[in-house]
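Numbering (my numbering), first residue to last: 1 to 285.
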C-alpha cells in the first residue's frame, strides 16, 4: 500500500453522508488504512510539485465526546498540523439562510453550565480561533469567483435563496439535537453573538488545544453548512448540499495553502519541525 509517510490534515465528519460528500468533493483516490481498530481514508491533494496528505475519519456516534475522542486519537496517531471538521449544522435564522457556510471563529458547549429555574446558563468557556488563521480564511473569502462557484458545485433544493454566503462567527455545540426555536431564543439571550449550533465542533477544537504544545500547535478548522434553523421545521432536504458545500470550502482552503508560496512554506516548516517522541518539553519536571 502506497501510504503517505505523514498526514498533514485530518478531517472528521460525524455522518456517513458527510464523509461521502467530502470524498466526492475532494475528487482524489483514497486508500483505507486501519490503525488500532480505527478506519481512516487516506489520500493526497496535489498542485504542481506540491502535496498535502489528508486522512478522513468518522466517530462511532454524534456528539462532542465521540468527536473529541476520535480527534485526540487521530492527532496522536498521525500528528497532523490541521484537524478539521465539515458537515451540517443549524444556523441562526436572523443571520443565516439555508445552504450558507459557517466557519467557526470560536466554539463553546451550550450544554455545560448552571441549570436553574428550568433553564441552562452556559459557562461559555469558549475556544477561540487564532487570529492568523481567521486572517487567512478572510483572504480566501475575498476570492469571489471561487466562493460563487460553491453554489453551483452541487444540486440545491432551492435556488431562490441566491448564492451561498460564508459567515465567520461563533458556534455552539451540545450533546443533543435542537428542534426548538424557544431554546435558541433563550440561548441567544445569554450569548453576545451566535451564528450556528452543532454537536461536535467544541470536541474537535478541545482536542486540538489539548494536544498542542510549545513545540507543535495543532490548528483546528470547522466549516459547516446550514441545513436547518434548529426549529420544528427541521428537515433533511439541505443535508446533501450542505455536506458537499462545507467540504468544498475546506478544499478551497487547502488548495490555497498549496498555491501560496508563504502558506506552503509554513506547511513545510511544520513538517521539518516535528519533534521526536522523547524530546524534552518546557513543562517537564
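Ideal Cβ placement from N, Cα and C applies to all residues, glycine included.
Measure the alpha-carbon distance for residue i versus residue j and round it to whole angstroms.
i           : j           : result
residue 130 : residue 19  : 26 Å
residue 31  : residue 7   : 13 Å
residue 14  : residue 87  : 7 Å
residue 174 : residue 38  : 24 Å
residue 36  : residue 43  : 19 Å
residue 210 : residue 227 : 30 Å
residue 161 : residue 101 : 13 Å
residue 280 : residue 216 : Note that residue 280 scores 49 on pLDDT, short of 50, meaning its location in the model is unreliable; the coordinates nonetheless yield the value given after this. Taking the straight line from one Cα to the other gives about 13 Å.
residue 190 : residue 89  : 20 Å
residue 94  : residue 49  : 45 Å
residue 256 : residue 263 : 8 Å
residue 117 : residue 213 : 41 Å
residue 132 : residue 85  : 19 Å
residue 114 : residue 140 : 39 Å
residue 123 : residue 188 : 14 Å
Closest by CA to residue i, which one among the options?
i           : options            : result
residue 180 : 197, 133, 141, 248 : 197
residue 16  : 41, 28, 36, 134    : 41
residue 258 : 54, 132, 107, 47   : 47
residue 223 : 72, 251, 159       : 251
residue 202 : 81, 110, 74        : 110
residue 56  : 78, 65, 63, 50     : 78
residue 82  : 205, 172, 184      : 205
residue 136 : 99, 221, 113, 156  : 221
residue 22  : 269, 242, 236      : 242
residue 270 : 71, 72, 229, 218   : 218
residue 185 : 123, 229, 84       : 229
Within a Cβ cutoff of 7 Å, which residues of the same chain sit near residue i, ignoring the five residues on either side of it in sequence?
i           : result
residue 150 : 164, 245, 248, 249
residue 148 : 163
residue 286 : In the structure displayed, the chain extends from 1 to 285; residue 286 sits before or after that span and is not available.
residue 91  : 100, 102, 195, 196, 226, 229
residue 156 : 99, 241
residue 73  : 38
residue 146 : 252
Which same chain residues end up closer than 8 Å to residue i when comparing Cβ atoms and leaving out the 5 residues on each side of it in sequence?
i           : result
residue 232 : 179, 180, 181
residue 254 : 9, 45, 52, 54
residue 1   : For residue 1, the predicted model reports a pLDDT of 49, less than 50, meaning its position is unreliable and no value from the coordinates is stated.
Excluding the five sequence neighbours on either side, which residues of its own chain have a C-beta within less than 6 Å of the C-beta of residue i, listed in chain order?
i           : result
residue 177 : none
residue 67  : 59, 200, 203, 204
Taking Cβ to Cβ, would you say residue i is nearer than 8 Å to residue j?
i           : j           : result
residue 75  : residue 207 : yes
residue 120 : residue 106 : no
residue 71  : residue 12  : yes
What do you get for residue i, buried or exposed, if any count of 16 or more other CB atoms within 10 angstroms of its CB means buried?
i           : result
residue 172 : buried
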